[in-house]
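To get the working numbering, take the position in the sequence shown, counting from 1, and add 183.
Idealized CB from N, CA, C, for every residue including glycine.
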Amino acid sequence: MNTIKRILGIVWIVLGLAAGYYLIVSQAIPQFTSGKGEDLVPAVIYTFILMPIITGGLCIFGWYALTGEYRDGD
(Lines of atoms letter the chains of each structure in order from A and count residues from 1; the text may use other names and numbers.)
(Lines give C-alpha, C1' and ligand atoms only; values in the text may rest on other atoms or scores of the structure.)
Protein backbone atom coordinates (compact mmCIF):
# COMPACT_ATOMS: atom_id res chain seq x y z
CA MET A 1 0.00 0.00 0.00
CA ASN A 2 2.85 2.39 0.75
CA THR A 3 4.29 1.76 -2.71
CA ILE A 4 1.00 2.73 -4.30
CA LYS A 5 0.94 5.94 -2.22
CA ARG A 6 4.45 6.83 -3.37
CA ILE A 7 3.61 6.19 -7.01
CA LEU A 8 0.46 8.29 -6.67
CA GLY A 9 2.63 11.03 -5.16
CA ILE A 10 4.38 11.35 -8.51
CA VAL A 11 0.99 11.40 -10.23
CA TRP A 12 -0.22 14.24 -7.97
CA ILE A 13 2.93 16.28 -8.63
CA VAL A 14 2.60 15.84 -12.40
CA LEU A 15 -1.12 16.65 -12.20
CA GLY A 16 -0.37 19.83 -10.26
CA LEU A 17 2.20 20.99 -12.80
CA ALA A 18 -0.15 20.15 -15.68
CA ALA A 19 -2.99 22.10 -14.04
CA GLY A 20 -0.74 25.13 -13.61
CA TYR A 21 0.40 24.91 -17.21
CA TYR A 22 -3.19 24.62 -18.42
CA LEU A 23 -4.37 27.61 -16.39
CA ILE A 24 -1.58 29.82 -17.66
CA VAL A 25 -1.45 28.73 -21.31
CA SER A 26 -5.10 27.96 -22.05
CA GLN A 27 -6.89 30.38 -19.77
CA ALA A 28 -4.79 33.34 -18.61
CA ILE A 29 -2.62 34.19 -21.64
CA PRO A 30 -5.53 34.32 -24.14
CA GLN A 31 -7.43 36.62 -21.80
CA PHE A 32 -4.41 38.85 -21.20
CA THR A 33 -3.88 39.22 -24.95
CA SER A 34 -7.54 39.66 -25.94
CA GLY A 35 -7.46 43.42 -25.44
CA LYS A 36 -10.84 43.51 -23.70
CA GLY A 37 -11.08 45.13 -20.29
CA GLU A 38 -13.49 42.55 -18.92
CA ASP A 39 -11.02 39.75 -19.65
CA LEU A 40 -8.29 41.24 -17.49
CA VAL A 41 -9.89 40.44 -14.12
CA PRO A 42 -10.35 36.69 -14.77
CA ALA A 43 -6.82 36.50 -16.18
CA VAL A 44 -5.39 38.04 -13.02
CA ILE A 45 -7.48 35.70 -10.87
CA TYR A 46 -6.32 32.64 -12.84
CA THR A 47 -2.67 33.70 -12.75
CA PHE A 48 -2.15 35.07 -9.27
CA ILE A 49 -4.83 33.38 -7.14
CA LEU A 50 -6.02 30.06 -8.57
CA MET A 51 -2.82 28.80 -10.17
CA PRO A 52 -0.64 29.00 -7.02
CA ILE A 53 -3.37 27.47 -4.84
CA ILE A 54 -4.12 24.57 -7.18
CA THR A 55 -0.55 23.85 -8.25
CA GLY A 56 0.92 24.32 -4.79
CA GLY A 57 -1.71 22.18 -3.11
CA LEU A 58 -1.42 19.28 -5.51
CA CYS A 59 2.39 19.39 -5.53
CA ILE A 60 2.66 19.54 -1.73
CA PHE A 61 0.18 16.69 -1.38
CA GLY A 62 2.16 14.68 -3.92
CA TRP A 63 5.45 15.46 -2.17
CA TYR A 64 4.07 14.25 1.17
CA ALA A 65 2.79 11.07 -0.46
CA LEU A 66 6.12 10.55 -2.24
CA THR A 67 8.22 11.01 0.90
CA GLY A 68 6.04 8.68 2.96
CA GLU A 69 4.29 11.14 5.28
CA TYR A 70 1.08 9.12 4.92
CA ARG A 71 2.37 5.77 6.16
CA ASP A 72 0.08 3.12 7.61
CA GLY A 73 1.17 3.40 11.24
CA ASP A 74 4.59 1.80 10.86
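Determine the burial state of A248: buried for a count of at least 16 other Cβ atoms within 10 Å of its Cβ, exposed for fewer. buried
Alpha carbon to alpha carbon, what distance is there between I243 and L198? 12 Å
Taking the alpha helix (DSSP H) that R189 belongs to, which residues open and close that run? N185 to Y205
Could you check where the alpha helix (DSSP H) with Y253 kicks off and where it finishes? Y253 -> no alpha helix (DSSP H), and no H or E assigned at all.
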